[in-house]
Amino acid sequence: MTTNTQPYVKLAQSLPPRLLRFFARYPPQAIVPQSQPTESISPSPTSESTAANIAPGQDGLTVPSPFRNQKHSVTGKWHDPVFSLRRQAELVKLARQHNVEELLPFSVKSTEFRLQRRMENGLRVKGTGVGQRVKGKESERTMKGRAENQQADLVEHRLEKRRQAMLEMPQLVADWKEKGHGRGWKKWPK
Numbered sequence: 001m002t003t004n005t006q007p008y009v010k011l012a013q014s015l016p017p018r019l020l021r022f023f024a025r026y027p028p029q030a031i032v033p034q035s036q037p038t039e040s041i042s043p044s045p046t047s048e049s050t051a052a053n054i055a056p057g058q059d060g061l062t063v064p065s066p067f068r069n070q071k072h073s074v075t076g077k078w079h080d081p082v083f084s085l086r087r088q089a090e091l092v093k094l095a096r097q098h099n100v101e102e103l104l105p106f107s108v109k110s111t112e113f114r115l116q117r118r119m120e121n122g123l124r125v126k127g128t129g130v131g132q133r134v135k136g137k138e139s140e141r142t143m144k145g146r147a148e149n150q151q152a153d154l155v156e157h158r159l160e161k162r163r164q165a166m167l168e169m170p171q172l173v174a175d176w177k178e179k180g181h182g183r184g185w186k187k188w189p190k
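Mapped onto the UniProt record's numbering, the consecutive letters of the sequence shown carry residue numbers 1 to 190.
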């Protein structure tokens, strides 16, 4: 083995079988040479065929991404990706854990794409933009700390009513217990 492939061999030995199978079927473009003359590969009598020895992408043809849908050149029909979005997400998570995510083909589930989309679109939550506030409920919007000047009297009145009701709550509970209000209620034992 040459010295430039040694790190890749050590890396491949540490990867889980699922990633190894994926990279065997779809070798990363960073590892596979872009163009290699076909004359340098000569079939040996023991090999089955030259096509089996040539990895995808070495013959100068582009390998379709297994993460994208493809349009058939003859029929014009679209074919689904080889890997569904769920399986793409699982592969990306697994590759991220083993620090080889950049070797995967482009996917909408990749961390780089998700960060780019987040930067372009933001959180997409109403009220989180510059100068915006989350709407909230009316009672939250008109609380004392958030009230505008014209609503200050309304807020003061509402808070005073609430404070007064809380002070009268023990007496209200005692009256209910004594009178037995409500359907099926009996007089509470003392």
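Backbone N, C-alpha and C define an ideal beta-carbon position, used for all residues, glycine too.
I'd like to confirm the pairing. Which residues does DSSP put opposite Gln97 in its beta bridges? Answer by DSSP bridge pairing: none, since Gln97 is not bridged.
If Leu85 sits next to Lys109, beta carbons under 8 Å apart, how far is it from one beta carbon to the other, in whole angstroms? 7 Å
Have a look at Met119 and Thr111 and give me their C-alpha separation to the nearest angstrom. 12 Å
Would you identify the three-state DSSP class for Lys126, choosing helix, strand or coil? coil
With DSSP collapsed to three states, give me the class of Gln70. strand
When we look at the beta-carbon of Phe22 and count the other beta-carbons within 10 Å, is it buried (16 or more) or exposed? buried
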